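Report on the following structure.
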Amino acid sequence: MKNDSPAGEKAPLNGRMDLVQSEARFRLTFEQAPVGIIHGDLAGRIRLANRRISELFGYDPEAPDFLKLRLWECTHPDDYWTVERFKKLLTGEIDDYTVEKRYFRRDGKLWWANVRCCMARDALGNPCHFIVIVEDISQRKLAEAALKKAHEELEAKVAERTAELEAANTALKVMLNHRAEEKKELEAKVNASVAQLVTPFMERLLASGLGPNQRALAEAVRSGVSEISSPFARRLSSKLVGLTPKELEVARLVREGKGSSEIAQVLAISENAVAFHRQNIRAKLGLKKKRLNLCTYLRQMA
């Protein structure tokens, strides 16, 4: 029975139109892709390449030598190891691989690429052609190189600055040690001068039959001269910095174990004045409400 319906005639026509449209979409996608795309045969020859490939390698896509391009011939010598990967792909040892490598353009300019290769297979699983996708990553590599250089320069500056600080620290230690030695030497000279030029005459003066007041004054002078070269005088200047000159004199005599009456005679002041100064000293040393002997405390500072 003959089928007069046009539906049977439209089905093959629609199928052909769908196929044409699909092929057109594939062609547009292939040609206008932002990455280079290559289809090649099992011998490693390029059979089909899009316009982006010609741009990346610097070839005219219409030139007859474009499809004669051999990717391994454009490979940088230091990246020849990637060619072995491609050979393993062709021999079926591997199915795909991805590498970053350098290529030379036709004009000799070097550029970086991210290359992804795989083997296409038919319905039975047999290899039919290889596919290569090439992406230009030159700008990224330049940025990475600039970042690495900046990092290395920063590390170099840090190392240089660290070395400078270590050298300055060493010089400072040497200077401080030198100052400490100079200080010890000066103290030794002062002690020697006091022992040779002052102490003998003070002893002779004290043995010359002085009156009580004169003897007390002479002993105060001898004690004061002795303390010039002692740690107590230096500690008074730091720990008793808040004391008045008169309070410092009273503190020195208290430390020697002298009572208020003796201190009054030596300093030619009243005992009430001595008591007033002693109270001020205790207050400034934080001893006002503590049961600590002032003489003992001052001696512990020495």
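Take 630 as the starting number for the sequence shown in my numbering and just add one per residue. Don't be surprised by glycine CBs; every beta carbon is placed ideally from N, CA and C. This structure is a prediction, so every number in the text was calculated from the model and none was measured.
Which of the three DSSP states, helix, strand or coil, is assigned to Ile898?
Residue mapping note: residue 898 aligns to position 269 of the sequence shown, counting from 1. DSSP places Ile898 in coil when its eight states are reduced to three.
Give the single residue among Ala792, Leu771, Ile766 and Asp736 whose Cα lies nearest to the Cα of Ala665.
Position 36 of the sequence shown, counted from the first residue, corresponds to residue 665. Note on residue identity: the sequence assigns Gly, not Ala, to residue 665. Considering only alpha carbons, the answer is Ile766.
For Val763 and Val787, I'd like the C-alpha separation in whole angstroms.
Position 134 of the sequence shown, counted from the start, is the residue given in the question as residue 763. Position 158 of the sequence shown, counted from the start, is the residue given in the question as residue 787. For Val763 and Val787, the distance between alpha carbons rounds to 40 Å.
In angstroms with no decimal places, state the Cα-to-Cα distance between Glu795 and Thr704.
One-based indexing of the sequence shown puts residue 795 at position 166. One-based indexing of the sequence shown puts residue 704 at position 75. Computed Cα separation, rounded: 49 Å.
Let's test the definition: count the other Cβ atoms within 10 Å of the Cβ of Phe715 and tell me whether it reaches 16, buried, or not, exposed.
Within the sequence shown, numbered from 1, the residue matching residue 715 stands at position 86. That one is buried.
Note down the Cα distance separating Ala662 from Glu784, rounded to an integer number of angstroms.
Taking the first residue of the sequence shown as position 1, residue 662 is located at position 33. Taking the first residue of the sequence shown as position 1, residue 784 is located at position 155. Spanning the two alpha carbons is a distance of roughly 42 Å.
Note down, in chain order, each residue of its chain lying with its Cβ closer than 7 Å to the Cβ of Lys875, except the 5 sequence neighbours on either side.
For the purposes of this step, residue 875 is taken as residue 246 along the sequence shown, with counting starting at 1. So the qualifying residues of the chain are His906.
Do you know offhand how far Met630's Cα is from Met646's?
Translated into the one-based positions of the sequence shown, residue 630 becomes position 1. Translated into the one-based positions of the sequence shown, residue 646 becomes position 17. Any reading at Met630 must be qualified, since the residue scores a pLDDT of 48, below 50, and its modelled position is unreliable; the value itself is stated next. Using only the alpha carbons, I get a separation of about 29 Å.
Taking just the CA atoms, how far does Asn806 sit from Glu878?
Counting from 1 along the sequence shown, the entry for residue 878 is found at position 249. Counting from 1 along the sequence shown, the entry for residue 806 is found at position 177. Taking the straight line joining both Cα atoms gives about 33 Å.
Measure the C-alpha to C-alpha separation of Glu660 and Arg750 and round it to an integer number of angstroms.
The residue given as residue 660 occupies position 31 in the sequence shown. The residue given as residue 750 occupies position 121 in the sequence shown. Going by the C-alpha atoms only, they are around 22 Å apart.
Alpha carbon to alpha carbon, how far is Met831 from Gly853? Give it in angstroms, no decimals.
As a working note, residue 853 is residue 224 in the sequence shown. As a working note, residue 831 is residue 202 in the sequence shown. Roughly 12 Å separates the two Cα atoms.
With burial defined as no fewer than 16 other Cβ atoms inside 10 Å of the residue's Cβ, what is the status of Leu882: buried or exposed?
For the purposes of this step, residue 882 is taken as residue 253 along the sequence shown, with counting starting at 1. Burial call: buried.
May I have the straight-line CA-CA distance separating Gly669 from Ser651, to the nearest angstrom?
For this step, residue 669 is matched to residue 40 along the sequence shown. For this step, residue 651 is matched to residue 22 along the sequence shown. Roughly 22 Å separates the two Cα atoms.
Using only the heavy atoms of the ligand NAP, determine whether one of them is closer than 7 Å to the beta carbon of Asp670.
Annotation note on the ligand NAP: not contained in the displayed structure, which lists no ligands.
Determine the DSSP secondary structure at Ala744, reduced to helix, strand or coil.
Within the sequence shown, the letter at position 115 stands for residue 744. Looking at the sequence shown, residue 744 is not Ala but Val. Strand.
Given this structure, state the Cα-to-Cα distance separating Asn755 from Asp724, to the nearest angstrom.
Working through the sequence shown from its first residue, we reach residue 755 at position 126. Working through the sequence shown from its first residue, we reach residue 724 at position 95. Rounded to the nearest angstrom, the two C-alpha atoms are 12 Å apart.
What first and last residue would you give for the alpha helix (DSSP H) that runs through Lys875?
To locate residue 875, count along the sequence shown from 1; it is residue 246. Run containing Lys875: Pro874 to Arg884, per the alpha helix (DSSP H) assignment.
Suppose you measure from the CA of Tyr709 to the CA of Arg731; what does that come to, to the nearest Å?
Your numbering for residue 709 matches position 80 in the sequence shown. Your numbering for residue 731 matches position 102 in the sequence shown. When rounded, the distance between both Cα atoms is 10 Å.
Leaving out five residues before and five after Asn922 in sequence, what residues of the same chain have Cβ atoms less than 8 Å from its Cβ?
Taking the sequence shown and counting its residues from 1, the one referred to as residue 922 is at position 293. Taken in chain order, the list of residues that qualify is empty.
Since Arg731 is in the beta strand (DSSP E), which residue starts that stretch and which ends it?
Locating residue 731 in the sequence shown gives position 102, counting from the first residue. Taken as a continuous stretch (DSSP letters only), the beta strand (DSSP E) holding Arg731 covers Asp725 to Phe733.
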